[in-house]
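What follows is a single structure, written as structure tokens, with notes after it.
There are 2 protein chains.
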Amino acid sequence: MTNYDEKYLKRGASASKSEVHTAIKNTDKGIFPGAFCKIIEDKLGNDPDYCNIMHADGAGTKSSLAYIYYKETGDISVFRGIAQDSLIMNIDDVIAVGATDNMLFSNTIGRNKHLVSGEIIGEIIDGYEQVLSMLNNNGIGIYSCGGETADVGDLVRTVIVDSTLSARMKRSDVIDNENIVPGDVIIGLASYGQATYEDRYNSGMGSNGLTSARHDVFTDIYIEKYPESYADATDKEYIYCGKYKLTDDFGHGGLTVGEAVLSPTRTYAPVLKKIFDKIGRDKIHGIIHNSGGGQVKCRSFGKGVHYIKDSMIEIPPLFELIKESSGTDYPEMYQVFNMGSRMEFIVPEDLVEKIIAIAGSFAIEAKTIGRVEKNPDSDTSNKVTITAPDGREIIY
Amino acid sequence: MTNYDEKYLKRGASASKSEVHTAIKNTDKGIFPGAFCKIIEDKLGNDPDYCNIMHADGAGTKSSLAYIYYKETGDISVFRGIAQDSLIMNIDDVIAVGATDNMLFSNTIGRNKHLVSGEIIGEIIDGYEQVLSMLNNNGIGIYSCGGETADVGDLVRTVIVDSTLSARMKRSDVIDNENIVPGDVIIGLASYGQATYEDRYNSGMGSNGLTSARHDVFTDIYIEKYPESYADATDKEYIYCGKYKLTDDFGHGGLTVGEAVLSPTRTYAPVLKKIFDKIGRDKIHGIIHNSGGGQVKCRSFGKGVHYIKDSMIEIPPLFELIKESSGTDYPEMYQVFNMGSRMEFIVPEDLVEKIIAIAGSFAIEAKTIGRVEKNPDSDTSNKVTITAPDGREIIY
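Those protein sequence lines, which keep their order, are chains A and B. Residue numbers 1 to 396, in my numbering, belong to the letters of the first sequence in order. Residue numbers 1 to 396, in my numbering, belong to the letters of the second sequence in order.
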């Protein structure tokens, strides 16, 4: 356990979720065990050429930050971003295996009615509809089936925003990370800036590492003011121990620091859809969504390979701010945050130019950030080496 | 707003969820607007003869009771029952429209890692697998796709246990409550006793009304002992204001009072599957799952009808205990709890004997509890009259 893991545990959370992985170790891995998401046979249609995915995720503790931001500023629209976080944490996982159509979406909200109004619930539901509509306009076939809002004040301090996506797709369309081979190159797609389908600057924040980012960035004036926004069993020295107020100027994109940490998770779905349409899925050896696990996520995919990331996309201001505020070193930062690239392609060299051009057509920076070699230490497990901005080679 | 609603609101919950219904009023009703669940066209397979359902629900605050029961007794297996509650709240809704096959299942757990161990998560996950396996053995085609466990101590006091089900079915198999007509009879299926597929006496408790049942039944010794088990903003006079300890003898089925309130939600899926197989779906005019809304749930289905329930199944001991402990009168009890029957069939008279016999083959009591007449007051909205044990006719 790293120091970082220990700090997470003290906050009633975890970065590595090793206990959870132990609890689920016996559940089977599906019919494409190497793929980014669990894929099962076509239980929905009984067609041997098809397969199914059902995937659950949520906005995590980002909703707690939205809550205090709303209380401080009166800006209720931040809850639309929370809906986007919840939805994109699902769709960007599922589109990473190649699914772009025949998807159903359902949401689950748990709220404390003492504190969270029907108006807030309305913003979350409208937020979902808004993002679904943008995805539909970009050719993604995802459809809302409504959901459940439960008043569970005895369980939930403020509001928890989760969702689930199910998909049916052709087996021949599956992008299976088992095809990753030495000689491939790694292309990173920037998580920050402003894509053509975004209406303002995005800081690059996803929906991972929020328990850390919230407490390490923001000041202790919120401890007394919003006790409902954190676990009461957490030692106070780990609660809001940063130096920023929510409304401090972030210095980029016209955002406050609160808005920067609350930046809705960028979706790469329109970009991936266009890449699949123009290049096809066959030649793509792997796609990794750098959510939980950050830049080290790739280590769980492929077989006996060494991911060498020696030319990373420049770290955006928000992650430098979190790094400085939390006193966390690069080795741990790369394991929790996407650090500037939340989606990466692992492909033969000849696809590089086309993928970069398509990302560019959406105003998203993309570049070759590294390569795949054989893992000299093992034929089965994988290794990741990241070159940090200070020149250090960090080995995972 | 009733007094009961007010008490719920004071506890950070709600019985009528009117605010939530306002927030979602603009979302569409699907292709069978009269059906028990929202049904959409076959987005998963693009076949005009098929349709899809995606449905989300959870165990609600029952998990908070399981938590304190586990702390008091060390019996960790109560969390298996919570998984059953979460799963059955989904499947019994979906099977009420006729779906019995081609279903995918996914779960979402949010926990406070300070208080809820990996061992508890393991029990919940094993509980899901156990119930799924029982359903599969009874001919229900539902398949687990895993799920997500999030460590979100800043949002969740103890543990929240939700799940989602998606299904693909033939449109011709849909049981659409729009077929309910005057002249039909109402058959109730008991929610208590011990079905052939249950391993002990079931009190009849579902997963609705738990915020009331928990606080109105159990004694204030738990206020100081388990502050993590309730909303801290709730006025203490509404917290654990009953007279029972969790381990007091319930007097029925060898259960303690804690075990009685924690009785895992009975599923009717094996019974409905057999009814569909033996009788067919065509002749069944309606099926109502009496979850939230209790015995008044039927009012939302059908058109211009009057449900007259004048011969109810005997109220089981647990609901009499809750009624007495909470000082709640019958009119409100019937709106929150199933009061002894959580599933009802609305059918022509000639199906009565067959349905009762099939329920009986699973050791589940069933009887004609009433009839459908034309609503004398309206051609579009519905009315419910329930005859209480004291002879009062309660009109909703």
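We put the beta carbon where it would ideally sit given N, CA and C, even for glycine. Just so you know, these numbers come straight off a predicted model, no measurement behind them.
Tell me, which residues are paired with residue i by DSSP?
| i | result |
| --- | --- |
| residue 387 (chain A) | A:393 |
| residue 55 (chain A) | A:165 |
| residue 144 (chain B) | B:105 |
| residue 150 (chain B) | B:110 |
| residue 309 (chain A) | A:370, A:386 |
| residue 189 (chain B) | B:343, B:366 |
| residue 286 (chain A) | A:346 |
| residue 156 (chain A) | B:156 |
Please state whether DSSP places residue i in a helix, a strand or coil.
| i | result |
| --- | --- |
| residue 333 (chain B) | helix |
| residue 37 (chain A) | coil |
| residue 281 (chain A) | coil |
| residue 249 (chain B) | strand |
| residue 178 (chain B) | helix |
| residue 375 (chain B) | coil |
| residue 257 (chain B) | helix |
| residue 301 (chain A) | coil |
| residue 226 (chain A) | coil |
| residue 218 (chain A) | strand |
| residue 30 (chain B) | strand |
| residue 202 (chain A) | strand |
| residue 238 (chain A) | helix |
| residue 243 (chain B) | coil |
| residue 50 (chain B) | strand |
| residue 71 (chain A) | helix |
| residue 170 (chain B) | strand |
| residue 86 (chain B) | helix |
| residue 126 (chain A) | helix |
With C-beta atoms as the reference, is residue i less than 8 angstroms away from residue j?
| i | j | result |
| --- | --- | --- |
| residue 54 (chain A) | residue 51 (chain B) | no |
| residue 115 (chain A) | residue 228 (chain A) | yes |
| residue 165 (chain B) | residue 131 (chain B) | no |
| residue 113 (chain B) | residue 147 (chain B) | no |
| residue 62 (chain A) | residue 255 (chain A) | no |
| residue 109 (chain A) | residue 159 (chain A) | yes |
| residue 276 (chain A) | residue 174 (chain A) | no |
| residue 288 (chain B) | residue 297 (chain B) | yes |
| residue 302 (chain A) | residue 177 (chain A) | yes |
| residue 206 (chain B) | residue 338 (chain B) | yes |
| residue 123 (chain B) | residue 171 (chain B) | no |
| residue 380 (chain B) | residue 304 (chain B) | yes |
| residue 119 (chain A) | residue 76 (chain A) | yes |
Which same chain residues, not among the five before or five after residue i, have their C-beta less than 7 angstroms away from its C-beta?
| i | result |
| --- | --- |
| residue 326 (chain B) | 212, 216 |
| residue 1 (chain B) | Residue confidence for residue 1 (chain B) is low, a pLDDT of 45 falling below 50, so the modelled location carries little weight; the figure read from the coordinates is stated next. None. |
| residue 134 (chain A) | 197 |
| residue 248 (chain A) | 256, 257 |
Near residue i, which residues of its chain fall below 6 angstroms by C-beta distance, leaving aside the five closest residues on each side in sequence?
| i | result |
| --- | --- |
| residue 252 (chain A) | 317 |
| residue 260 (chain A) | 203, 250, 318 |
| residue 246 (chain A) | 69, 72, 258 |
| residue 306 (chain B) | 373, 375, 383 |
| residue 188 (chain A) | 313, 341, 344, 369 |
Mind reading off the beta-carbon distance from residue i to residue j? Whole number of angstroms is fine, and I expect it under 8 angstroms.
| i | j | result |
| --- | --- | --- |
| residue 197 (chain A) | residue 138 (chain A) | 7 angstroms |
| residue 364 (chain B) | residue 195 (chain B) | 5 angstroms |
| residue 162 (chain B) | residue 56 (chain B) | 7 angstroms |
| residue 141 (chain A) | residue 103 (chain A) | 6 angstroms |
| residue 91 (chain B) | residue 127 (chain B) | Not really, about 14 angstroms apart at Cβ, beyond 8 angstroms. |
| residue 184 (chain A) | residue 346 (chain A) | 5 angstroms |
| residue 111 (chain B) | residue 121 (chain B) | 7 angstroms |
| residue 371 (chain B) | residue 186 (chain B) | 6 angstroms |
| residue 98 (chain B) | residue 169 (chain B) | 7 angstroms |
| residue 315 (chain A) | residue 389 (chain A) | 6 angstroms |
| residue 334 (chain A) | residue 294 (chain A) | 5 angstroms |
| residue 210 (chain B) | residue 60 (chain B) | 5 angstroms |
Using a Cβ-Cβ cut-off of 8 angstroms (strictly less than) and excluding sequence neighbours within five positions of residue i, which residues of its own chain qualify?
| i | result |
| --- | --- |
| residue 387 (chain B) | 309, 310, 311, 312, 393, 394 |
| residue 10 (chain B) | 234, 235, 238 |
| residue 242 (chain A) | 215, 216, 217, 218, 219, 325, 326 |
Is any non-hydrogen atom of the ligand GDP found closer than 7 angstroms to the C-beta of residue i, if you look at the structure I gave you?
| i | result |
| --- | --- |
| residue 191 (chain A) | Ligands displayed in this structure: none; no statement on the ligand GDP is therefore possible. |
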